[in-house]
């Protein structure tokens, strides 16, 4: 199960969205801890970084930040990619171990229990 994430943690992340962008975390609660931890790591490199979008796509986390060519941020992209890769093995609903699942054309990363509860089945074609 995912560690408890506070509303203050999530509000801090929502406050990073660029003005005019919809400050929504379009992922399930199982990934909130992953996102909060990533935010802390990124803020240690650039405390003022800004977000464009956080969402699930093709069963994985996508974390888009404002690109600023005149502001070097060593390690930034690597941290984001590592979190996105971790999401591919983490249930988006509960934060436990998960795998790629399908329901029609929808793809999500879920544990067996959450997949069954929401009508998804394990994607047998997904790489181990």
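Residue numbers (the working numbering): 74 to 201. Yeah, the Cβ is synthetic: ideal placement off N, Cα and C, and Gly gets one too. No experiment lies behind these values; they were computed from the predicted model shown.
Considering only C-alpha positions, which residue in the set 86, 137, 193 is nearest to residue 178? Measuring from the Cα of residue 178, the nearest candidate turns out to be 193.
Three-pair Cβ contact test at 8 Å for the region 140-155 versus the region 80-94
no
Selected residue, minimal CA-CA separation from residue 157, among 100, 88, 92, 197: 100
Please tell me whether residue 94 and residue 125 are closer than 8 Å, where the distance is taken between their beta carbons.
The answer is yes: Cβ separation under 8 Å.
Here's the rule: buried if 16 or more other CB atoms are within 10 angstroms of the residue's CB, otherwise exposed. What is residue 150? exposed
By how many angstroms is the C-alpha of residue 106 removed from the C-alpha of residue 184?
16 Å
Buried/exposed call for residue 181, threshold 16 Cβ in 10 Å | With 16 or more other Cβ atoms from the protein chains shown falling within 10 Å of its own Cβ, residue 181 counts as buried.
* Measure the Cβ-Cβ separation of residue 123 and residue 162 and say whether it is below 8 Å. => No, the Cβ-Cβ distance between residue 123 and residue 162 is not below 8 Å.
message: Quick check on this structure: which residue in 176, 96, 118, 171 has the alpha carbon closest to the alpha carbon of residue 202?
response: Nothing can be reported for residue 202, as the shown portion of the chain is limited to 74 through 201.
>> What does the Cβ neighbour count give for residue 91, buried or exposed, with the cut at 16 atoms within 10 Å?
In response: exposed
Exercise for the section: Grab the span of the alpha helix (DSSP H) containing residue 85 for me, first residue to last. Expected result: Membership of residue 85 in the alpha helix (DSSP H) is indicated by the continuous run 80-87.
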